[in-house]
Amino acid sequence: MLEGYHDDVFAGFMYVGTKAALLFAMAHLGPLAEPLKLLDGRLMPRIGLGVYRSKPGPETYNAVKWALEMGYRLVDTAALYRNEKSVGEDGREWTSESWERTWWDSKSWGWEWDQRWSERTWSWREETEADDAQVPKLSPSSIISSASSTSQKLIFVLGMPKAGTTSLHEAFLRAGLSSVHWALDQGKNLSKDKQLRLWGDGSESRLVGRLIEQAVSEGKEPLAYLPQVEALAEMNGMFWKDKAKTTVQAYFPQMEHLERLLEAYPNAYFILNVRNLDDWVRSVNQHNDLRKRFVCADLPGLPPQKGAKDEELVEWVKAHQKRVLTLLPSRKANLLHFNIDLHGSDELSQFLQCPITWPHCNRTARRILNMSCQLRPSRDRREGATLLRACHGTAAAAAARPVGNDPVALRMDKARHSARVPLFAAEEVQKPLALLAALQSHQRIGSEAVANLEQKLHDLELVQAIRDSGLSREDVWITTKLWDSDHGYEATLKACQNSLHQLGLSYIDLYLIHSPNTGKLVETWDAMIELQRRGVVRSIGVSNFGVPHLEALRSSGRQLPVVNQIEMHPMVYQERKPVLEFCAAHGIKITAYGSMFSGQQEQLGRKEVAQVLAAHPSKTPAQILLRWGLQMDFQVIPKSVRRERLEENMNLMDFELTPGEMESLSAMRGALHEYWNPLKSKVDLGRTDRGTAES
Numbered sequence: 001m002l003e004g005y006h007d008d009v010f011a012g013f014m015y016v017g018t019k020a021a022l023l024f025a026m027a028h029l030g031p032l033a034e035p036l037k038l039l040d041g042r043l044m045p046r047i048g049l050g051v052y053r054s055k056p057g058p059e060t061y062n063a064v065k066w067a068l069e070m071g072y073r074l075v076d077t078a079a080l081y082r083n084e085k086s087v088g089e090d091g092r093e094w095t096s097e098s099w100e101r102t103w104w105d106s107k108s109w110g111w112e113w114d115q116r117w118s119e120r121t122w123s124w125r126e127e128t129e130a131d132d133a134q135v136p137k138l139s140p141s142s143i144i145s146s147a148s149s150t151s152q153k154l155i156f157v158l159g160m161p162k163a164g165t166t167s168l169h170e171a172f173l174r175a176g177l178s179s180v181h182w183a184l185d186q187g188k189n190l191s192k193d194k195q196l197r198l199w200g201d202g203s204e205s206r207l208v209g210r211l212i213e214q215a216v217s218e219g220k221e222p223l224a225y226l227p228q229v230e231a232l233a234e235m236n237g238m239f240w241k242d243k244a245k246t247t248v249q250a251y252f253p254q255m256e257h258l259e260r261l262l263e264a265y266p267n268a269y270f271i272l273n274v275r276n277l278d279d280w281v282r283s284v285n286q287h288n289d290l291r292k293r294f295v296c297a298d299l300p301g302l303p304p305q306k307g308a309k310d311e312e313l314v315e316w317v318k319a320h321q322k323r324v325l326t327l328l329p330s331r332k333a334n335l336l337h338f339n340i341d342l343h344g345s346d347e348l349s350q351f352l353q354c355p356i357t358w359p360h361c362n363r364t365a366r367r368i369l370n371m372s373c374q375l376r377p378s379r380d381r382r383e384g385a386t387l388l389r390a391c392h393g394t395a396a397a398a399a400a401r402p403v404g405n406d407p408v409a410l411r412m413d414k415a416r417h418s419a420r421v422p423l424f425a426a427e428e429v430q431k432p433l434a435l436l437a438a439l440q441s442h443q444r445i446g447s448e449a450v451a452n453l454e455q456k457l458h459d460l461e462l463v464q465a466i467r468d469s470g471l472s473r474e475d476v477w478i479t480t481k482l483w484d485s486d487h488g489y490e491a492t493l494k495a496c497q498n499s500l501h502q503l504g505l506s507y508i509d510l511y512l513i514h515s516p517n518t519g520k521l522v523e524t525w526d527a528m529i530e531l532q533r534r535g536v537v538r539s540i541g542v543s544n545f546g547v548p549h550l551e552a553l554r555s556s557g558r559q560l561p562v563v564n565q566i567e568m569h570p571m572v573y574q575e576r577k578p579v580l581e582f583c584a585a586h587g588i589k590i591t592a593y594g595s596m597f598s599g600q601q602e603q604l605g606r607k608e609v610a611q612v613l614a615a616h617p618s619k620t621p622a623q624i625l626l627r628w629g630l631q632m633d634f635q636v637i638p639k640s641v642r643r644e645r646l647e648e649n650m651n652l653m654d655f656e657l658t659p660g661e662m663e664s665l666s667a668m669r670g671a672l673h674e675y676w677n678p679l680k681s682k683v684d685l686g687r688t689d690r691g692t693a694e695s
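Sequence positions in the sequence shown follow the UniProt record's numbering and run 1 to 695.
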């Protein structure tokens, strides 16, 4: 066996024919048998698989499954890949019965909720959370009270609509609980085995708030007309009483009957769901006529016709939050203060003492995401940023360290962090089954991703699949990217915290700035350095940075990124040579995407490629271009959903381009930026006093 390579590596390459064939190929690969070594001493794979434009479902599933079987070891994805649109169009594939079963079958991975981690980061949450509501600040131990053991869980969500109630409802249903959301609706609001009967005297009679109001007014227990309900994800309800839409009937039992609920159900679980209030107001304004209903309704504790101004509505919500956070602890009730921007599955699962997944992915936001994915960021950056901000989320992905496989390194303290990433990899995963199959067969995989709403669900799928594999945290490398809308010091800290909670982790292996588009480069980089200092991020890098952006970091005296991921192939090589030379001079490794002319098949027939191809008749144009990238010392991440192409893209070890062939390809010309070109974005340093320069 080739020294330094583990048995499972050979298992992934058996399509080559025999181990002898692989040994022969490895012997002739030379330096390409070694991974890229980064400035921090970490090792990164040279080749991976991408799924840009692949469709969710069987297409992506099969591509990743085949890739992992062939020995790929890295998965790379990003929110702006255009298959995100198709991901968001139909949420049903994520919630099928078989999918729910897959989600929950095994929970054998050792990434349990860590109380020490929660306590260690709680002060950080208070620093970075944009929460100007004057409510008591509680520690984790007082917010997450000791829940009483009962044969049937009874859960009340006390927050406002548009603050994650739909996602909580979905989470409760996934956990097998009978959950209601706003109104009774057969087959949607209740799990299949616990249906409630419908009330037949009009839509108002289905409102959860009205049923509670009716029971209380009749002197009965609040849930007398909801006998089988276990979770009330949204109790409030507002509906128009006239066709002219001038009068609203509103029910807010979490405000009007809070003390009665505490009295009737002392052992229940109460969740106060909150979010950034600016975002909450924006969401209310965007949701049909919800804001108008707020104004026209007689809201508890708010004078009539109040709430038209944002500040009036915000103060009303603050007063409710303050009351809940004061009253419930005084009654020793089981209360979870749940911030949907910061918290996730860990907090919910610990509080409710059962596995809870936190999808936070509602249909309204999916529609906004669909719109945003139709925009070319370079063409309409302002509108695209606005829409993507409305879909704010985070993404992440995993890369794994091989047992003996030689991988490519990232800049970091090698003594403290000796994780190694394998040589070959695959790019994006839409379903956990492929990941699970690969990991259970001891194939270490990894992935990179960037933030958006649909990626939140993606994060959960990746993590759940890896957890189900039985691997320990140390066996997996996690990478995620900071999206443009989160530039700035506090915003970066908050976005990272959100990623940690989405992933259920105490640290991220590699954190990248996705592009320089929205500026604040030094300010954002200082936050990245701070995250690394705190130990919640191990390595930091950038994507789509040009020389001016990199020079801005260097001239500010800051440490340099370990990786710059850019679009790179022969047709743009000459134009982007200054970036490559700067990165080479400063030890920054290049990850090349779009290696095969960004997928434009007609360009593969260029005469320069054909001439090189003639000298290697057993190879394809794609293999020629990928080999060019490898010999240029780039990491490459080709994209395909076809089995034969996956094999083709990986079979690069049995030939070598001559210096003349390399020179011919490198001399190609053509302005081809099929994805986008943020390298020419203006340089905006932002504040430069948040961090310190390297001494």
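Glycine included, every Cβ here is placed at the ideal spot set by N, Cα and C. This one's a predicted model, so the numbers in the text were calculated from it and none came from an experiment.
Between the region 629–641 and the region 585–595, the count of C-beta pairs closer than 8 Å reaches three or more; the two stretches touch.
Take the alpha-carbon of Arg260 and the one of Pro222: they are about 8 Å apart. Contact between the region 561–575 and the region 536–548 is established, with three or more Cβ pairs separated by less than 8 Å.
According to the DSSP assignment, Asn649 belongs to the alpha helix (DSSP H) that extends over Arg643 to Met650. Around the beta carbon of Lys619, 16 or more other beta carbons lie within 10 angstroms, which makes this residue buried. Between the alpha carbons of His169 and Gln214 lies a gap of roughly 23 Å. At a Cβ-Cβ threshold of 9 Å, Lys481 and Leu531 do not count as neighbours.
A direct Cα-Cα distance of roughly 13 Å separates Val572 from Leu625. Straight across, the Cα-Cα distance linking Gln603 with Arg627 is about 17 Å. A distance below 6 Å between beta-carbons, with the five flanking residues on each side excluded, links Pro253 to the following residues of its chain, in chain order: Gly209, Ile212 and Met235.
Thr247 and Ala297 have their C-alpha atoms some 7 Å from each other.
Taking Glu661 as reference, the option from Ala585, Leu613, Val229 and Val537 with the minimal CA-CA separation is Leu613. Leaving aside the five residues that flank Cys496 on each side, the residues in its chain whose CB is nearer than 6 Å to its CB run, in chain order, Leu531. Runs of the beta strand (DSSP E) lying entirely within the region 202–263, each at least 3 residues long, are 231–234, 237–240 and 248–251 in chain order.
Straight-line measurement puts the Cα of Gln228 at about 9 Å from the Cα of Ser179.
Where Asn285 is concerned, there is no enclosing beta strand (DSSP E), although the alpha helix (DSSP H) around it starts and stops at Leu277 to Gln286. A straight line joining the alpha-carbon of Gly301 with that of Tyr251 spans about 13 Å. The C-alpha of Lys682 is placed about 42 Å away from the C-alpha of Gly159. Of the candidates His487, Tyr507 and Val216, the residue whose Cα lies closest to the Cα of Arg687 is His487.
If you ignore the 5 residues before and after Tyr225, its C-beta comes within less than 6 Å of the C-beta of Leu211 and Ala215, all in its own chain and listed in chain order. By the beta-carbon neighbour count (other beta carbons within 10 angstroms, threshold 16), Ala585 is exposed. Burial is judged here by how many other beta carbons sit within 10 angstroms of a residue's own beta carbon; Asp346 has at least 16 and is buried.
Restricting attention to alpha helix (DSSP H) runs no shorter than 4 residues, the region 537–574 encloses them at 547–555 and 570–573, ordered along the chain.
Going by beta carbons, Ser666 and Gln574 fall inside the 9 Å limit. Non-local C-beta neighbours of Leu290 in its own chain, meaning closer than 6 Å and more than five positions away in sequence, comprise Val284, ordered along the chain.
For Thr165 and Val295, the gap between their C-alpha atoms comes out near 21 Å.
Within its own chain, the residues whose Cβ lies closer than 8 Å to the Cβ of Ala552, once the five positions on either side in sequence are excluded, are Leu521, Val522, Val683 and Leu685, listed in chain order.
For Lys589, the enclosing beta strand (DSSP E) begins and ends at Lys589 to Tyr593.
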